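Asker: My questions will all concern the structure given below.
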Amino acid sequence: MSSYLRFSSALRQNDTFFQQAESAAIAADWATVVQLLQHYLEYLDAIGDRPDASEIGRLSHLAIAVLCEGDFQDRWDMAKLFPRLEALTAANPGHSQRLLLDPLIALLQDEEEDPDTRWFAARVLGEFRQPAVLQALIDLLKTAPAEDLRQMAATAIAGFGKMAIAPLSQLLQAPHTRLLAVQTLAQIREPGVVQPLMQVLRDPDAQVRAAALSAIGHVRNCQIPELLISALGDSSTAVRQVAVAELGFRTDLLPDYDLVSLIHPLLLDADPNVAQQAAIALGRLGTDAAASALYRVAHSSYPANSLRVHLVQALGWMGTPTALQYLHQLARQWSQDLGAVALLQATVQAMGHAEALELRWQVARHLVNLLHSDLPAVQTVAIKQAIALQLGNLGDLDALDPLAQLAADPDLGVKLHAIAALKRLSPDQGRQRLEALSRSSQLSEQTQQEVAIALAEW
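Here's what the structure looks like:
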């Protein structure tokens, strides 16, 4: 036996452990109490021993005292030890109920107790899957005055899984507990939550409707698609936003439902958050029809520029040939307008999201052609920098010469972006192209100076 175990054994034989722990409790040295309890539990595990009911009672008393009187860290550390205390009572469940659960439930139910103490009691009790514990947590959910205490009760109840569905369903009947009940049911990944949540989809409270719809929108149930589609017309922006978001994940419905036609009108929703979510949803669907819907709205005169940015981002996430072609058309459109520089910059960035090798090659060609177009917005510093950045990321070596020419730009920011892109593509070939450019007899004196600066920056 190691010296540590011999020492711990001596502590137990002489009751020194309890003397030290209880002395530390009297002195309100709760960190020491936690440390002593942890060491004692480690010792019991090491020798495979189980204390008697009297000792478990004393351990429970010390643990409860820490929850009541310790600081946050002491309570947090103590809460993690309760499952190990319960394990000591495995041979006698009655001891667990009487010595551990009953004191914790009493603490939980004491309305005059500090809310933080009750919060920790709820957290600890969530580890005990006993009917009495579940009922105590349900009661707390109904009556707790503090939001964080109700949320902890909800989290603990959700851990009971299927066992908690019936009592939570009862809470759906009362308006003052309905929202929390829905939010708690939403945390339980069991088929049994679907029917209770479907019953509140017409609730007068929009928060209840939105929370319930969000919880069941992903479920593969024959009734869910129609419920989501119906919710697209809900008077609440929160409900519409949830409905369109959930439909964006339901590519499995595409063979049976024209989701693009259903979602398309919400791109022009009065609420910008709903419109943004509609753009994201169409981007996730990823079909050519979805790309066309995004392009038509972005190309039109209706949306604000903030929405147009989300539309081009959604096209970029698609990463399909059709989406790329629409982005190229939008880039050409906005390149002619100096007032559309921010939109053009977002479009260039979206084009750079292409992942397939063939598409990356096409994007590089589009960007090089755009760079050579001499259109007004393309000549701005922001767009030159954006194009240089994307050309460096796309990995097409045919972009070396255009980037070398950008490195001769008089703007230092453009120059540095172009140099970084050349180094990313091929450090050796990039420098060689710059050196070749510096020897060209067709360069103006100013351009020769800019190339020399680029080589010096290299």
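To convert, count from 1 in the sequence shown and add 124; that's my numbering. Built from N, CA and C at the ideal position, the CB exists for glycine as well. Note that the structure is predicted; figures quoted are calculated from it, not measured.
1) Does Gln-573 pass the burial test, meaning 16 or more other C-beta atoms within 10 Å, or should it be called exposed?
2) Leaving out the 5 sequence neighbours to the left and right, which residues in its chain are closer than 7 Å to Leu-356 when beta-carbon positions are compared?
3) My output table needs one value for Cys-192: the three-state DSSP class, helix, strand or coil.
4) Count the other CB atoms, across all protein chains shown, that sit within 10 Å of the CB of Ala-177; report buried if there are 16 or more and exposed otherwise.
5) Inspect the beta-carbon positions of His-490 and Gly-443 and report whether they are closer than 8 Å.
6) Once you ignore the five residues that flank Ala-280 on each side, which residues in its own chain have a CB closer than 7 Å to its CB?
7) Please list the terminal residues of the continuous alpha helix (DSSP H) segment that includes His-163.
8) Does the beta-carbon of Ala-523 have 16 or more other beta-carbons within 10 angstroms, so that it is buried, or is it exposed?
9) Since Pro-320 and Leu-337 should fall inside the 8 Å C-beta cutoff, what is the C-beta to C-beta distance between them, to a whole number of angstroms?
10) For Gln-323, tell me which candidate among Gln-297, Glu-314 and Asn-345 has the shortest Cα-Cα distance.
11) Ala-399 and Ser-360 look like a contact to me (Cβ under 8 Å); what is the Cβ gap, rounded to whole Å?
12) Quick one: is Gln-259 buried, meaning 16 or more other Cβ sit within 10 Å of its Cβ, or exposed?
13) Out of His-423, Leu-431, Leu-439 and Ala-422, state which residue places its alpha-carbon closest to the alpha-carbon of Leu-409.
14) Quick check on DSSP: helix, strand or coil for Tyr-426?
15) Locate the alpha helix (DSSP H) running through Trp-582, then write down its first and last residues.
16) In three-state DSSP terms, what is His-541?
17) Contact check, Trp-154 vs Gly-194 under 8 Å by CB: the rounded distance?
18) Ser-416 to Ala-480, Cα distance in whole Å?
19) CA-CA distance, Glu-210 and Pro-299?
20) Under DSSP, the alpha helix (DSSP H) around Phe-206 begins and ends at which residues?
21) Three or more C-beta pairs closer than 8 Å, one from the segment 197–208 and one from the segment 263–271: is that the case here?
22) Would you mind sorting Ala-148 into buried or exposed? The rule is 16 or more other CB atoms within 10 Å of its CB.
23) Helix, strand or coil for Val-368 per DSSP?
24) Taking 6 Å as the limit between beta carbons, can you name the residues of its chain near Ala-470, skipping five residues before and five after?
25) Please state whether the Cβ-Cβ distance between Leu-561 and Gly-554 is less than 8 Å.
26) Roughly how many whole angstroms lie between the Cα atoms of Tyr-419 and Gly-407?
27) Thinking Leu-371 and Ala-405 are a contact (beta carbons under 8 Å), I'd like their distance in whole angstroms, please.
28) Rounded to whole angstroms, how far is the Cβ of Val-384 from the Cβ of Ala-402, which I believe are closer than 8 Å?
29) Is the CB-CB distance between Pro-526 and Leu-558 below 8 Å?
30) May I ask which residues mark the beginning and end of the alpha helix (DSSP H) holding Asp-272?
31) Go ahead and pull the three-state DSSP assignment for Gln-460.
32) Does the beta-carbon of Phe-141 have 16 or more other beta-carbons within 10 angstroms, so that it is buried, or is it exposed?
33) Locate the alpha helix (DSSP H) running through Pro-227, then write down its first and last residues.
34) Going by DSSP in three states, Pro-328 sits in which element: helix, strand or coil?
35) For Leu-468 and Trp-458, which I take to be in contact (beta-carbon distance under 8 Å), what is that distance rounded to the nearest angstrom?
36) Please check the pair Gln-254 and Leu-225, which I expect to be a contact at CB under 8 Å, by giving their CB distance rounded to whole angstroms.
Answerer: Let me lay it out:
1) Residue numbering aside, residue 573 sits at position 449 when the sequence shown is read from its first letter. It counts as exposed.
2) For the purposes of this step, residue 356 is identified with residue 232 of the sequence shown, where counting begins at 1. Within the same chain, Leu-356 has close Cβ partners Arg-364, Ala-367, Val-368, Leu-386 and Leu-390.
3) Translated into the one-based positions of the sequence shown, residue 192 becomes position 68. Residue state, collapsed to three classes: helix.
4) If you number the sequence shown from 1, residue 177 lands on position 53. Ala-177 is exposed by the Cβ-count criterion.
5) Residue numbering aside, residue 490 sits at position 366 when the sequence shown is read from its first letter. Residue numbering aside, residue 443 sits at position 319 when the sequence shown is read from its first letter. No, the Cβ-Cβ distance between His-490 and Gly-443 is not below 8 Å.
6) Working through the sequence shown from its first residue, we reach residue 280 at position 156. Hits under 7 Å: Ala-246, Arg-247, Leu-249, Gly-250 and Leu-261.
7) Position 39 of the sequence shown, counted from the start, is the residue given in the question as residue 163. Looking at the DSSP string, the run of the alpha helix (DSSP H) that includes His-163 is 154–171.
8) Against the sequence shown, residue 523 aligns to sequence position 399. Under this definition Ala-523 is a buried residue.
9) For the purposes of this step, residue 320 is taken as the residue at position 196 of the sequence shown. For the purposes of this step, residue 337 is taken as the residue at position 213 of the sequence shown. That belief does not hold up - the Cβ atoms of Pro-320 and Leu-337 are roughly 13 Å apart, past 8 Å.
10) Walking along the sequence shown from the start, residue 323 turns up at place 199. The candidate whose alpha carbon is nearest that of Gln-323 is Gln-297.
11) As a position in the sequence shown, residue 399 is number 275, starting the count at 1. As a position in the sequence shown, residue 360 is number 236, starting the count at 1. 15 Å between Cβ atoms; not a contact.
12) Translated into positions along the sequence shown, residue 259 becomes position 135. Answer is exposed; the Cβ neighbour count stays below 16.
13) Here the question's residue 409 lines up with position 285 in the sequence shown. Checking every option, the nearest Cα to that of Leu-409 belongs to Leu-439.
14) In the sequence shown, residue 426 corresponds to position 302, counting from 1. Residue state, collapsed to three classes: coil.
15) Counting from one through the sequence shown, the residue named residue 582 turns up at place 458. Element bounds for Trp-582: n/a, residue is neither H nor E.
16) Counting from 1 along the sequence shown, the entry for residue 541 is found at position 417. Three-state result, His-541: helix.
17) The residue labelled residue 154 in the question sits at position 30 within the sequence shown. The residue labelled residue 194 in the question sits at position 70 within the sequence shown. Their Cβ separation, rounded to whole angstroms, is 4 Å, which keeps Trp-154 and Gly-194 in contact under 8 Å.
18) Translated into positions along the sequence shown, residue 416 becomes position 292. Translated into positions along the sequence shown, residue 480 becomes position 356. For Ser-416 and Ala-480, the distance between alpha carbons rounds to 20 Å.
19) Taking the sequence shown and counting its residues from 1, one reaches residue 210 at position 86. Taking the sequence shown and counting its residues from 1, one reaches residue 299 at position 175. Looking at the two C-alpha atoms, the distance is approximately 37 Å.
20) Along the sequence shown, read from residue 1 onward, the residue named residue 206 stands at position 82. From DSSP, the alpha helix (DSSP H) with Phe-206 extends over 206–211.
21) no
22) As a working note, residue 148 is residue 24 in the sequence shown. Under this definition Ala-148 is a buried residue.
23) For this step, residue 368 is matched to residue 244 along the sequence shown. In this structure, Val-368 counts as helix in the three-state DSSP scheme.
24) Numbered from its first residue, the sequence shown carries residue 470 at position 346. Closer than 6 Å at Cβ, skipping near neighbours: Val-433 and Val-436.
25) The residue you call residue 561 lines up with position 437 of the sequence shown. The residue you call residue 554 lines up with position 430 of the sequence shown. Against a cut-off of 8 Å, the Cβ pair of Gly-554 and Leu-561 comes out as no contact.
26) As a first step, residue 419 must be located in the sequence shown, where it is residue number 295. As a first step, residue 407 must be located in the sequence shown, where it is residue number 283. Computed Cα separation, rounded: 11 Å.
27) Walking along the sequence shown from the start, residue 371 turns up at place 247. Walking along the sequence shown from the start, residue 405 turns up at place 281. Yes, they are in contact, since the Cβ atoms of Leu-371 and Ala-405 sit about 6 Å apart, within 8 Å.
28) Stepping through the sequence shown from its first residue, residue 384 is reached at position 260. Stepping through the sequence shown from its first residue, residue 402 is reached at position 278. Not confirmed; about 10 Å, so no contact.
29) As a position in the sequence shown, residue 526 is number 402, starting the count at 1. As a position in the sequence shown, residue 558 is number 434, starting the count at 1. For Pro-526 and Leu-558, no; Cβs fall outside 8 Å.
30) The residue given as residue 272 occupies position 148 in the sequence shown. Its alpha helix (DSSP H) spans residues 271–282.
31) Indexing the sequence shown from 1 puts residue 460 at position 336. Of the three classes helix, strand and coil, the one that applies to Gln-460 here is coil, per DSSP.
32) For the purposes of this step, residue 141 is taken as the residue at position 17 of the sequence shown. The residue in question, Phe-141, is buried, as its Cβ has 16 or more Cβ neighbours within 10 Å.
33) By one-based count along the sequence shown, residue 227 stands at place 103. Taken as a continuous stretch (DSSP letters only), the alpha helix (DSSP H) holding Pro-227 covers 226–233.
34) On the sequence shown, residue 328 is found 204 positions in, with the first residue counted as 1. If DSSP states are grouped into helix, strand and coil, Pro-328 belongs with coil.
35) Residue mapping note: residue 468 aligns to position 344 of the sequence shown, counting from 1. Residue mapping note: residue 458 aligns to position 334 of the sequence shown, counting from 1. About 4 Å separates the two Cβ atoms, so the contact holds.
36) On the sequence shown, residue 254 is found 130 positions in, with the first residue counted as 1. On the sequence shown, residue 225 is found 101 positions in, with the first residue counted as 1. The Cβ separation is near 6 Å, so the contact holds.
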